[in-house]
Amino acid sequence: MKYKIFTIILALIAPLQMKATENDDYTEELEIIPDSVWATDTICQGTPLYKFVNSPAFYNANLSVLIKNIGTGEELAEYRSKYNLIPASVTKVVSTASALEILSDTFRFRTKLEYDGEIKNGVLRGNLYITGGGDPTLASNQSQKKCTLFATFLNAVKKKGIKKIEGNIVGDASLYAEEGSPGIWLVEDIGSAYSPTPSALSFYDNLLTFTMQTDNSAAKVSHVSPNCKLFQPQLDIEVAKGNVYSKWAKSDYSWTPTVKGRLAPNSKHGIRMEIPEPALFVADSMLSTLQKAGITVTGNITTQRVLRSTEPRKTLATYKSETLGEICKPTNYKSINLYAENIFSQVGLKRERPSTKAASATTIALFWKKKGLSSSSIFQMDGSGLSMKNAINSAFLVEVLSYMHNKSKYGKVFYESLPVAGVSGTVKYLMGGTPLAGKVHAKSGSMERVQNYCGYIQEGNRWYAFSIMVNNFSGPRSTVKMEISRLLNGVMAEENARYDATPLQEGKIETPEVKKEEEANEAAKTEGQPSETGKSTTEPVENPKTKKP
Numbered sequence: 009m010k011y012k013i014f015t016i017i018l019a020l021i022a023p024l025q026m027k028a029t030e031n032d033d034y035t036e037e038l039e040i041i042p043d044s045v046w047a048t049d050t051i052c053q054g055t056p057l058y059k060f061v062n063s064p065a066f067y068n069a070n071l072s073v074l075i076k077n078i079g080t081g082e083e084l085a086e087y088r089s090k091y092n093l094i095p096a097s098v099t100k101v102v103s104t105a106s107a108l109e110i111l112s113d114t115f116r117f118r119t120k121l122e123y124d125g126e127i128k129n130g131v132l133r134g135n136l137y138i139t140g141g142g143d144p145t146l147a148s149n150q151s152q153k154k155c156t157l158f159a160t161f162l163n164a165v166k167k168k169g170i171k172k173i174e175g176n177i178v179g180d181a182s183l184y185a186e187e188g189s190p191g192i193w194l195v196e197d198i199g200s201a202y203s204p205t206p207s208a209l210s211f212y213d214n215l216l217t218f219t220m221q222t223d224n225s226a227a228k229v230s231h232v233s234p235n236c237k238l239f240q241p242q243l244d245i246e247v248a249k250g251n252v253y254s255k256w257a258k259s260d261y262s263w264t265p266t267v268k269g270r271l272a273p274n275s276k277h278g279i280r281m282e283i284p285e286p287a288l289f290v291a292d293s294m295l296s297t298l299q300k301a302g303i304t305v306t307g308n309i310t311t312q313r314v315l316r317s318t319e320p321r322k323t324l325a326t327y328k329s330e331t332l333g334e335i336c337k338p339t340n341y342k343s344i345n346l347y348a349e350n351i352f353s354q355v356g357l358k359r360e361r362p363s364t365k366a367a368s369a370t371t372i373a374l375f376w377k378k379k380g381l382s383s384s385s386i387f388q389m390d391g392s393g394l395s396m397k398n399a400i401n402s403a404f405l406v407e408v409l410s411y412m413h414n415k416s417k418y419g420k421v422f423y424e425s426l427p428v429a430g431v432s433g434t435v436k437y438l439m440g441g442t443p444l445a446g447k448v449h450a451k452s453g454s455m456e457r458v459q460n461y462c463g464y465i466q467e468g469n470r471w472y473a474f475s476i477m478v479n480n481f482s483g484p485r486s487t488v489k490m491e492i493s494r495l496l497n498g499v500m501a502e503e504n505a506r507y508d509a510t511p512l513q514e515g516k517i518e519t520p521e522v523k524k525e526e527e528a529n530e531a532a533k534t535e536g537q538p539s540e541t542g543k544s545t546t547e548p549v550e551n552p553k554t555k556k557p
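For what it's worth, my numbering labels the leading residue of the sequence shown as 9, then goes sequentially.
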């Protein structure tokens, strides 16, 4: 009877196992394989890792640590490296590395000016479309490229001889599915200045700033940037002495948010919030550009979300972004969430149109699975890391970093997108004044009770990848950062003590064994005898493993 029950259970489980088939369309199913080997909690006492794990700062915290020589494969420090934790913004490392591999560093986002209907005697009897291609840098304050979108499109309209448009100006953001702000983002994050809703037709970072000015009794909006006549906030402001505060509320696509709060008399107060519908703002800006040039438009501004036209279109002009390689740098250096989300969404187009977050996550997981990484090591819900439901482990992150350095033709572009600890970007104040300052390229990731770092350490010709993840800590964040700095500096101090400081020949890994072998060969040359090892000094020598329990 027991055997029959066991057989039935196996029969029920078998259909749940998903087998993958290799192809280039990223359409295979994920094969979830549980990791069979987990990190031991046994650590040699007195080591930097032991001190780190047992720090009072991490009482009840969850940790995942891996520091690895990516030239030899040696693990210098490892603790629960396959333990999945909330990655926060180190998610951007996966998003950008994956996009470079899947799309290439020369990929450019394309925004198109299209029309339907016909052009006759200078009159377009049809609609004019600004069709978004996912470019997050249009008029972006973070972009080095001056936005000439409307000048380019206006020239195309004039070149075609169009003097009148008997139709609508349509902003088309349909390349990405209408998912809005991810439901898995925290409520307080949605619509804020650092988490604007991604769009296939983004504009001005999908953010606007407005200033409220008070007299002795009332408040009014005195300035809006960028200039947008669509935006009409409703103020419910108490003018009184006391604590100054403000808060706002809006519904999706609403251009009339309600702003409440208390402001002091005769004062100014600025608020940044997301643009309710960037595609409509682009359509309105295009309309203004045309009208200023003397081109008549009889229709209205609208979006493809509202006007789902299926008429065939013709292209008038295409506006290209900077290369993906150039866009990845501010994405990681400044941790720009909108850039990361659009890059993430663009990857999903390899699987389906319009792109969805599920398609993007699956495409990325399958890509790394083909490279030998476990698909059970990553659960990615967005591209930026804002979601509390993202889960990645240190082993996966270090493998991605190792692959990008050792095998990817985009390794240099990716490496240079990471800020330098103690010098620049979001890690400018990490490890400042320590021996590792200026030697570490890393991405940080932080949110409430989360502090993570992953990246590279370079010591001469030796390269290391690391990931240190701390979740649910209860002490000061500054203490957590200090402990992470101590761990990295401590581990690398021990590692450097094992190596001679003599500059290395290019392509050679210097270990104590290499040094001993070279001395033996030199002695053999002097005495005219073969070396002790009998090996050529040009043969690669494996780095000795650190003694582990």
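For each residue, glycine too, the CB sits at the ideal point set by N, CA and C.
- The three-state secondary structure of TYR184, taken from DSSP, is strand.
- Taken in chain order, the whole beta strand (DSSP E) runs of length 3 or more contained in the region 296-344 are 309-311 and 322-331.
- Residue environment: GLU186 is assigned as exposed (fewer than 16 neighbouring CB atoms within 10 Å of its CB, all protein chains considered).
- Separation of the CB atoms of LYS168 and ILE110 is rounded to 36 Å, and the pair is thereby denied contact status at 8 Å.
- Counting only residues of its own chain and dropping the five nearest sequence neighbours on each side, ARG485 has a CB closer than 8 Å to the CB of SER454 and GLN459.
- Within the same chain, PHE218, VAL229, TRP256, THR264, PRO265, THR266 and VAL267 come within 8 Å of PRO241 by CB-CB distance, once the 5 residues on both sides are set aside.
- Counting C-beta pairs closer than 8 Å gives fewer than three between the region 362-371 and the region 406-425, which falls short of the contact rule.
- In the structure shown, ASN62 falls within a coil segment according to DSSP collapsed to helix, strand and coil.
- Contact annotation: GLY483 and VAL421 have beta-carbon atoms that are not nearer than 7 Å.
- Assignment of beta-bridge partners to ASP244 by DSSP yields LYS268.
- In the same chain as GLU360, and ignoring 5 residues on each side of it, the C-beta atoms closer than 7 Å to its own belong to ALA367, in chain order.
- Membership of ASN504 in the alpha helix (DSSP H) is indicated by the continuous run 485-505.
- Scanning GLY302, ALA272, ASN308 and ILE279 for the CA closest to the CA of PHE289 turns up ASN308.
- Distance between TYR507 and ALA501, taken at the CA atoms: about 10 Å.
- Of the other Cβ atoms in all chains shown, fewer than 16 fall within 10 Å of the Cβ of GLY250; this residue is therefore exposed.
- Annotated three-state conformation of THR99 is helix, per DSSP.
- When DSSP reads this structure, ILE127 sits in a beta bridge with LEU132.
- As DSSP reads the structure, LYS276 sits in a beta bridge with GLN221.
- ASN214 carries a helical assignment under DSSP once its states are collapsed to helix, strand and coil.
- Look at ILE372 here: in three-state DSSP terms it is helix.
- The C-alpha of THR55 lies about 36 Å from the C-alpha of GLY391.
- DSSP, read as helix, strand or coil, puts PHE474 in strand.
- In the DSSP assignment, VAL229 falls within the unbroken beta strand (DSSP E) covering 227-233.
- The beta carbon of SER225 lies closer than 7 Å to those of VAL247 in the same chain, with the five residues before and after it left out.
- Secondary structure note for TYR461: its beta strand (DSSP E) is the uninterrupted segment 458-467.
- A straight-line Cα-Cα distance of about 9 Å links SER410 and PHE474.
- The three-state secondary structure of ASN479, taken from DSSP, is strand.
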